[in-house]
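Peer 1: The structure's right below; bear with me while I get my questions together.
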Amino acid sequence: MRDEIGQYAKGLRANVRVLANTAATAEILPIRLAPWLAVRPQVDVELRERQSTEIARSISAGFAEIGILSSAVETGSLVLRPFAIDRLVIVAAREHPLSQRPRIRFADALEYHFISLVGGALQDHIDAQAAKLGTKLKKRIALRSFDGICRMAGEGVGIGLVPETAARRYKRATQIGILPFQDAWATRRLSICVRSEKEPTPLALDLFQHLAAKEQSEDR
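Each number in the numbering used here corresponds to the 1-based position in the sequence shown with 353 added.
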């Protein structure tokens with residue numbers, strides 16, 4: 354620990370490895386990480402997007418220091434702290450038939466064509482939920498951003514499935530309707546985890562505590 358702190362103080366670069374699911378990577382971490390990184394110019398964060406089950410395995414095996422995953426997955430002996438609530442919603446053009454409903458089940462949305470993500474942990478999760486119902490999403494096009502999905506949905510190209518935070522951010526610019534899900538799997542409590550609070554490097558532990566404390570301050 355003294356060696357690492359000494360190297361950091363001398364201006365040598367340090368690195369923290371973080372694995373996170375799609376919602377955390379795209380929607381939450383940029384805001385949460387920015388103030389922490391801004392005052393640590395010699396620190397780099399290696400951020401990789403993964404599914405929650407893979408994150409739990411990787412953190413347990415020591416392949417990364419910090420993970421952000423759904424609390425619904427098996428985490429064994431990992432140390433968990435609350436991170437955020439991730440709610441998925443349907444976005445569709447305001448004149449779309451679905452936009453007139455107060456809520457919807459995922460099974461009822463599957464009759465419509467989707468604007469999906471180009472791979473990634475979230476899209477894999479959504480595809481897996483469709484597979485559990487014995488079907489597949491009818492995909493018109495796959496895009497790389499929630500912004501693109503919301504814009505196409507607003508134009509009536511199809512419907513999209515995105516985090517509620519993204520849908521609300523783009524609602525005014527795209528004129529989309531936002532439709533909550535009835536399915537329990539669409540609302541996930543995200544946790545931040547480490548293998549042990551005694552194992553991470555001082556910088557990784559500091560980041561872990563910063564992100565955990567941030568969630569607690571937002572809940573108050």
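Each residue gets a CB set at the ideal place from its N, CA and C atoms; glycine is no exception.
#1: Would you decide whether Ser314 is buried or exposed? Buried here means 16 or more other CB atoms lie within 10 Å of its CB.
#2: Secondary structure at His449, three-state DSSP: helix, strand or coil?
#3: What did DSSP end up calling Asp397 once you bin it into helix, strand or coil?
#4: Counting only runs that start and end within the stretch 410 to 485, where is the beta strand (DSSP E) found for 3 or more residues in a row?
#5: Glu429: buried (16+ other C-beta within 10 angstroms of its C-beta) or exposed?
#6: Assign Asp461 to one of two classes, buried (16 or more other C-beta atoms within 10 Å of its C-beta) or exposed (fewer than that).
#7: With 16 other CB atoms within 10 Å as the buried threshold, where does Cys546 fall?
#8: Can you tell which of Ile381, Trp389, Ala376 has its C-alpha closest to the C-alpha of Gln562?
#9: With distances taken from CA atoms, which of Arg542, Gly487, Ala373 is nearest Ser411?
#10: When we look at the beta-carbon of Ile384 and count the other beta-carbons within 10 Å, is it buried (16 or more) or exposed?
#11: Could you have a look at Lys492 and say whether DSSP puts it in helix, strand or coil?
#12: Between the C-alpha atoms of Ala557 and Ala437, what's the straight-line distance to the nearest angstrom?
#13: Helix, strand or coil: how does DSSP classify Ala378 here?
#14: If we ignore side chains and look at the alpha-carbon of each, how far apart do Arg493 and Leu463 end up?
#15: Starting from Ala537, follow the alpha helix (DSSP H) in both directions and report where the run begins and ends.
#16: Within the same chain, show all residues whose beta-carbon is closer than 8 Å to that of Val515, passing over the 5 residues directly before and after it, in chain order.
#17: Sorted by chain position, which residues of the same chain lie with C-beta nearer than 6 Å to Thr378's C-beta, five sequence neighbours on each side aside?
#18: Less than 6 Å between C-beta atoms, sequence neighbours within five positions excluded: which residues of the same chain meet that for Arg541?
Peer 2: Let me lay it out:
#1: Nothing about residue 314 can be reported from this structure: the residues present for the chain run from 354 to 573 only.
#2: To locate residue 449, count along the sequence shown from 1; it is residue 96. Coil at His449, not helix or strand.
#3: Your numbering for residue 397 matches position 44 in the sequence shown. The DSSP-derived three-state label of Asp397 is strand.
#4: If we require 3 residues or more, the beta strand (DSSP E) runs fully inside the stretch 410 to 485 come out as 419 to 423, 432 to 446, 466 to 470.
#5: Numbered from its first residue, the sequence shown carries residue 429 at position 76. Reading the sequence as shown, one finds Gly at residue 429 and not Glu. With fewer than 16 other Cβ atoms within 10 Å, it is exposed.
#6: The sequence position of residue 461 within the sequence shown is 108, counting from 1. By the C-beta density criterion, Asp461 is exposed, having fewer than 16 other C-beta atoms within 10 angstroms.
#7: Reading the sequence shown from its first residue, position 193 is the one you call residue 546. Per the 10 Å Cβ criterion, buried.
#8: Within the sequence shown, the letter at position 209 stands for residue 562. Proximity to Gln562 across Ile381, Trp389, Ala376 peaks at Trp389, based on C-alpha coordinates.
#9: In the sequence shown, the residue the question calls residue 411 occupies position 58. Checked all of Arg542, Gly487, Ala373; the closest Cα to Ser411 is Ala373.
#10: Here residue 384 is taken as the residue at index 31 of the sequence shown, counted from 1. Only exposed fits Ile384, as fewer than 16 other CB atoms lie within 10 angstroms of its CB.
#11: As a working note, residue 492 is residue 139 in the sequence shown. Here Lys492 carries a strand assignment [DSSP, helix/strand/coil].
#12: Walking along the sequence shown from the start, residue 557 turns up at place 204. Walking along the sequence shown from the start, residue 437 turns up at place 84. A straight line joining the alpha-carbon of Ala557 with that of Ala437 spans about 19 Å.
#13: The sequence position of residue 378 within the sequence shown is 25, counting from 1. Note on residue identity: the sequence assigns Thr, not Ala, to residue 378. Helix, per DSSP.
#14: On the sequence shown, position 140 is the one that residue 493 refers to. On the sequence shown, position 110 is the one that residue 463 refers to. Each residue's Cα considered, the two are about 13 Å apart.
#15: For the purposes of this step, residue 537 is taken as the residue at position 184 of the sequence shown. Run containing Ala537: none; DSSP gives neither H nor E here.
#16: Against the sequence shown, residue 515 aligns to sequence position 162. Residues Leu441, Val442, Val444, Phe499, Ile502, Cys503 of the same chain have their beta carbon placed closer than 8 Å to that of Val515, with the five preceding and five following residues left out of the count.
#17: Position 25 of the sequence shown holds residue 378. For Thr378, where only same-chain residues beyond five positions count, the Cβ hits under 6 Å are Glu402.
#18: The sequence position of residue 541 within the sequence shown is 188, counting from 1. Cβ neighbours of Arg541 within its own chain (closer than 6 Å, five residues either side excluded): Ser423, Asp439.
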